[in-house]
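Data first, discussion second: the structure below is written as structure tokens.
Protein chains in written order, with my numbering: chain G, 1 to 297; chain S, 1001 to 1664.
Right, here's the structure in full:
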């Protein structure tokens, strides 16, 4: 199957599973709302809010800084909420990807029961995979930084201009992004392969996905890049729209909120579409593979 | 009332403003020219050394004989770990001498004109901290005292090892920034000068967080460098001679300056511009040549601004130096007619760091360059005044909310950041800004001397108005340029000018202000403590005065409008007492402005009507106020800003989660 064919099929499949997209969006909104409401309570401290009035009209560094400084302890508490909810969200996303893949793999219309069933089936495996991905990525990043630092130090000491150093930092950053990109792709495909083959060993699935990616690098990268570009285009559209709508009155705040939520929903759509692409791509590249029955554990 | 004020102003005007006459054919002297230096120096680029010969003529301007001379030997600050500079650097500066990068200066001989060798008489002294291992101040007892009005001429031969770049001086590869490099005589302060009650030397050790102090004079310097090196220096280049050994000798002349610094590098790209009679030379690193317009343009703007609002720049030359990569320690430093800047490749136009550094260092040409305060003892008078004008120039050129950064919707102004530098301190009241430079508690020198002083001046401007402030600064500059004023001299100018312009509004003088903000360490914090709105119950029953309203008190049900009484309470949380404006807004859109003298801890304002908003200092005329959040209260609290930022936070958290989902 060609890349455009995979993309078209994935779009149709995702479109067929709009409730799945909405479920993911809803989870995201729910978790983010906890932080946003905590932030709202933090900002809306009686006596403070009046001074923040100019902030509705424009960014005001002076007021914002004074506000943050005078509410240091509250910010610290808020930060802990953010950190906790982020970690919880990461774990929940790993778990929910089992539900997404199971739903897409089954080909059946979305049902919450099937989604939750998929989440439960792969929960611990995908959490193990998450930890494994973190370790591999961390080790790769440390190795890369360990190699880059002496080079950058040498460039810094032996040149009369900062340009070689900037180029060196850019090259190191690019390499780091590539490593992260590869690790993310490997992790995604490991999940797809796990769902398809009901693998138990995440290390093996991770290794298999690397081999798979090595054999099908261009096709896999093309899909990732196209979906990433679609996200970028979406973001550009969002920036363009919100640039026209300054949040300087109540109705405009509501309008921007709606635009933002449409954007987030579309990003959730692209996330599901990417999974669908990866499933279809794996099906088309792994010989003799076909839909695999999910074995409940 | 005005007569009272005019007298001190007139008294100030009696200070002598003319100096010793110039030689025939030369422009008139702008300063008293206490010193005259003639220096021949050779730069050895391989060994990073200077070999020099210095002829110094020093004139005794006091009315008593002077028995000794004192010299700054600044380069010895980098001689070893035991110098006062290095000891203080462990806690006050984040600099360290790299391996092999020590610097020092050795005196080979010091002779009087008659050939008497004085080197053996020289001893190092440590007037500030008793550190006997510090070698930055040298005392030279003279065989015969210098009589009042008399002069002494000495010839010094020295060799200096430049340090690897540290604290504004040294080398980095083939880049040389040569500052504080020659034996430099201290300032003999006759009784009545600044705080001196008797004639005495003012010659401080080199500290980690202090700068310099010297007398005005004339410098004639011959700089010999290898061929191919491009040179910039204080003053005017008068000649260039190619020597038989491939070196080149450049001759510089600088008059009415109190220091001489220079730089050399084979890599410089020189770009020149002019502003009226001033030639501006920018010596830039090749990779920064594309930013020449940013440096030259902002220098021209600063020249124009200060010429209009402070006084004329009297020199014919100005050199801007862009230090080499790896020599950042040399960046952002001012010397007479020469200063160093800083930038990076790919610096976005919206980040106005090159402009900021250029403007700041140029303002120093006025405040310390010409108005030569003692940077050791009163750093606030040069750094703070400079910071004040830096913010004024930056904000006027690029906008108060965008002058420093205007990048992808994120923006803030120079004055905003300057204020934050001060208000963001853990303890803004840790020390008065008049503390001598080396005595500030660790970490407080910069925020207090730069940030707080700029806010003290901005607040003064807010109180007396921009026009009065400009008159103060013009008068101060006119009276004290090419001299050594101290804090009380500036206060005297303010006290003389403000009553003339503002009348008795602030009392007979402004000492009440300066006592708090210069010599005191208290903080300024006003607040709106509360707004109480109560429904008024109209009088009921059969009232004798107005029988037509005898049945009042029926309230809304009776069809009459609701009546309210409001009490606005404002408070002073800090120790600084200033008059402030309180703006009170009512539900019918009416606004009342009150003036509160700020002397008590609280004040109440009562109104008939429903107050919906109250704010102290609504025009933000008091940037010294360390907390603007408590300056405003509304009834009920507005929800718009709260929701705006909650929505923004929600969106970015959602995206962060989606990103985390992608990579996890």
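Each residue gets a CB set at the ideal place from its N, CA and C atoms; glycine is no exception.
Same chain, Cβ closer than 8 angstroms to residue 243 of chain G, five either side skipped, listed in chain order: Walking along the first chain from the start, residue 243 of chain G turns up at place 243. Closer than 8 angstroms at Cβ, skipping near neighbours: no residue.
Under 8 angstroms between the Cβ atoms of residue 1355 of chain S and residue 1298 of chain S? The residue you call residue 1355 of chain S lines up with position 355 of the second chain. The residue you call residue 1298 of chain S lines up with position 298 of the second chain. The answer is yes: Cβ separation under 8 angstroms.
Quick check on the burial criterion: 16 or more other C-beta atoms within 10 angstroms. Buried or exposed for residue 1598 of chain S? The residue you call residue 1598 of chain S lines up with position 598 of the second chain. By the neighbour-count rule (16 or more Cβ atoms within 10 Å), residue 1598 of chain S is buried.
Alpha-carbon to alpha-carbon, residue 241 of chain G and residue 252 of chain G: Translated into the one-based positions of the first chain, residue 252 of chain G becomes position 252. Translated into the one-based positions of the first chain, residue 241 of chain G becomes position 241. Cα to Cα, the separation comes out at about 12 angstroms.
Can you list the residues of chain S that residue 226 of chain G reaches, using a CB-CB cut of under 9 angstroms? Position 226 of the first chain, counting from 1, holds the residue named residue 226 of chain G. Simply none; closest approach about 15 angstroms.
Outcome for residue 233 of chain G when other beta-carbon atoms lying within 10 angstroms are tallied against a minimum of 16: Within the first chain, residue 233 of chain G is the residue found at index 233, counting from 1. That one is exposed.
With 8 angstroms set as the bound, which would you pick, yes or no: does the beta-carbon of residue 1295 of chain S sit closer than that to a beta-carbon of chain G? To locate residue 1295 of chain S, count along the second chain from 1; it is residue 295. For residue 1295 of chain S, the answer is no, since every Cβ of chain G falls outside 8 angstroms of its Cβ.
Taking the runs of the alpha helix (DSSP H) that are 4 residues or longer, which of them lie wholly in the stretch 1288-1359 of chain S? 1292-1309
Given 8 angstroms, three or more beta-carbon pairs between the stretch 1133-1144 of chain S and the stretch 1281-1298 of chain S: Below 8 angstroms, too few C-beta pairs join the stretch 1133-1144 of chain S and the stretch 1281-1298 of chain S to call them touching: fewer than three.
Between residue 4 of chain G and residue 1295 of chain S, what straight-line distance do the alpha-carbon atoms span, to the nearest angstrom? Looking up residue 4 of chain G in the first chain gives position 4. Looking up residue 1295 of chain S in the second chain gives position 295. So the alpha carbons of these two residues sit roughly 52 angstroms apart.
Element boundaries [beta strand (DSSP E), containing residue 1145 of chain S]: Translated into the one-based positions of the second chain, residue 1145 of chain S becomes position 145. Residue 1145 of chain S -> beta strand (DSSP E) spans 1137-1146.
Drop a sphere of 10 angstroms on the beta-carbon of residue 1072 of chain S, count the other beta-carbons inside from all chains shown, and report buried for 16 or more, exposed for fewer. Along the second chain, read from residue 1 onward, the residue named residue 1072 of chain S stands at position 72. Residue 1072 of chain S sits buried, since 16 or more C-beta atoms from the chains shown fall within 10 Å of its C-beta.
Going by the beta-carbon positions, is the gap between residue 1205 of chain S and residue 1128 of chain S smaller than 8 angstroms? Indexing the second chain from 1 puts residue 1205 of chain S at position 205. Indexing the second chain from 1 puts residue 1128 of chain S at position 128. Result yes, Cβ atoms of residue 1205 of chain S and residue 1128 of chain S sit closer than 8 angstroms.
Could you work out which residues of chain S lie near residue 59 of chain G, taking near to mean beta carbons separated by less than 9 angstroms? Numbered from 1 along the first chain, position 59 holds the residue referred to as residue 59 of chain G. Within chain S, the residues near residue 59 of chain G are 1401, 1409, 1410, 1411 and 1412.
Three-state class that DSSP yields for residue 1466 of chain S in the structure shown: Counting from one through the second chain, the residue named residue 1466 of chain S turns up at place 466. Look at residue 1466 of chain S here: in three-state DSSP terms it is helix.
Against chain S, with Cβ distances strictly below 8 angstroms, would residue 36 of chain G count as a contact? As a working note, residue 36 of chain G is residue 36 in the first chain. Yes, because at least one Cβ of chain S sits closer than 8 angstroms to the Cβ of residue 36 of chain G.
How long is the line joining the alpha carbons of residue 78 of chain G and residue 1645 of chain S, rounded to whole angstroms? Your numbering for residue 78 of chain G matches position 78 in the first chain. Your numbering for residue 1645 of chain S matches position 645 in the second chain. So the alpha carbons of these two residues sit roughly 14 angstroms apart.
Go through the stretch 1366-1416 of chain S residue by residue and report every complete run of the alpha helix (DSSP H) that reaches 4 residues or more, in order. 1385-1398
Residue 103 of chain G, DSSP secondary structure in three states: Position 103 of the first chain, counted from the start, is the residue given in the question as residue 103 of chain G. DSSP places residue 103 of chain G in helix when its eight states are reduced to three.
Selection of the stretch 62-91 of chain G by Cβ proximity to chain S, strictly under 7 angstroms: 62, 63, 65, 66, 67, 69, 70, 86, 89 and 90
In whole angstroms, what separates the C-alpha of residue 1108 of chain S from that of residue 1185 of chain S? Against the second chain, residue 1108 of chain S aligns to sequence position 108. Against the second chain, residue 1185 of chain S aligns to sequence position 185. The straight-line gap from Cα to Cα measures roughly 16 angstroms.
Tell me whether residue 1254 of chain S is buried or exposed, calling it buried when 16 or more other Cβ atoms sit within 10 Å of its Cβ. Residue numbering aside, residue 1254 of chain S sits at position 254 when the second chain is read from its first letter. When all chains shown are included, residue 1254 of chain S counts as buried.
Nearest candidate by alpha-carbon position, reference residue 1507 of chain S, set S:1083, S:1579, S:1489 and S:1608: Numbered from its first residue, the second chain carries residue 1507 of chain S at position 507. Answer by Cα proximity: S:1579.
I need the DSSP call for residue 1451 of chain S, collapsed to helix, strand or coil. In the second chain, the residue the question calls residue 1451 of chain S occupies position 451. In the structure shown, residue 1451 of chain S sits in a helix (DSSP, three-state: H, G or I).
Counting Cβ pairs closer than 8 angstroms, one from the stretch 1361-1374 of chain S and one from the stretch 1299-1306 of chain S, do we hit at least three? yes
Within chain G, partners of residue 1604 of chain S - CB distance below 8 angstroms: The sequence position of residue 1604 of chain S within the second chain is 604, counting from 1. The contacting residues do not exist; residue 1604 of chain S stays about 17 angstroms from chain G at best.
Give the DSSP-derived three-state secondary structure of residue 1557 of chain S in the structure shown. As a first step, residue 1557 of chain S must be located in the second chain, where it is residue number 557. Residue confidence for residue 1557 of chain S is low, a pLDDT of 43 falling below 50, so the modelled location carries little weight; the figure read from the coordinates is stated next. Helix, per DSSP.
When the Cα atoms are used, what is the spatial distance from residue 173 of chain G to residue 1632 of chain S? Numbered from 1 along the first chain, position 173 holds the residue referred to as residue 173 of chain G. Numbered from 1 along the second chain, position 632 holds the residue referred to as residue 1632 of chain S. Between residue 173 of chain G and residue 1632 of chain S, the C-alpha separation is close to 46 angstroms.
Find the residues of chain S that neighbour residue 210 of chain G, judging by a C-beta separation of less than 8 angstroms, and give them in chain order. What you label residue 210 of chain G is simply residue 210 of the first chain in a count that begins at 1. By Cβ distance, chain S contributes nothing, its closest Cβ being about 17 angstroms from residue 210 of chain G, past 8 angstroms.
So which residues of chain G does residue 1145 of chain S contact, with C-beta pairs closer than 9 angstroms? Along the second chain, one-based indexing puts residue 1145 of chain S at 145. Result: empty, since nearest Cβ-Cβ is about 51 angstroms, beyond 9 angstroms.
Rounded C-alpha distance that separates residue 286 of chain G from residue 130 of chain G: Counting from one through the first chain, the residue named residue 286 of chain G turns up at place 286. Counting from one through the first chain, the residue named residue 130 of chain G turns up at place 130. Straight-line Cα distance between these residues: approximately 24 angstroms.
Is residue 24 of chain G buried or exposed, if buried means 16 or more other CB atoms sit within 10 Å of its CB? Residue mapping note: residue 24 of chain G aligns to position 24 of the first chain, counting from 1. It counts as buried.
Out of S:1300, S:1312 and S:1283, state which residue places its alpha-carbon closest to the alpha-carbon of residue 1331 of chain S. In the second chain, residue 1331 of chain S corresponds to position 331, counting from 1. Taking residue 1331 of chain S as reference, the option from S:1300, S:1312 and S:1283 with the minimal CA-CA separation is S:1283.
Name the chain G residues that come within less than 8 angstroms of residue 1173 of chain S, Cβ to Cβ? Here residue 1173 of chain S is taken as the residue at index 173 of the second chain, counted from 1. Those are 160, listed as they occur along chain G.
Buried or exposed: where does residue 1422 of chain S fall if 16 or more other Cβ atoms within 10 Å of its Cβ makes it buried? For this step, residue 1422 of chain S is matched to residue 422 along the second chain. The residue is buried, with at least 16 neighbouring Cβ atoms inside 10 Å.
Is residue 1033 of chain S closer than 8 angstroms to residue 1217 of chain S when the C-beta atoms are compared? Taking the second chain and counting its residues from 1, the one referred to as residue 1217 of chain S is at position 217. Taking the second chain and counting its residues from 1, the one referred to as residue 1033 of chain S is at position 33. Yes; because the gap between Cβ atoms is below 8 angstroms, this pair is in contact.
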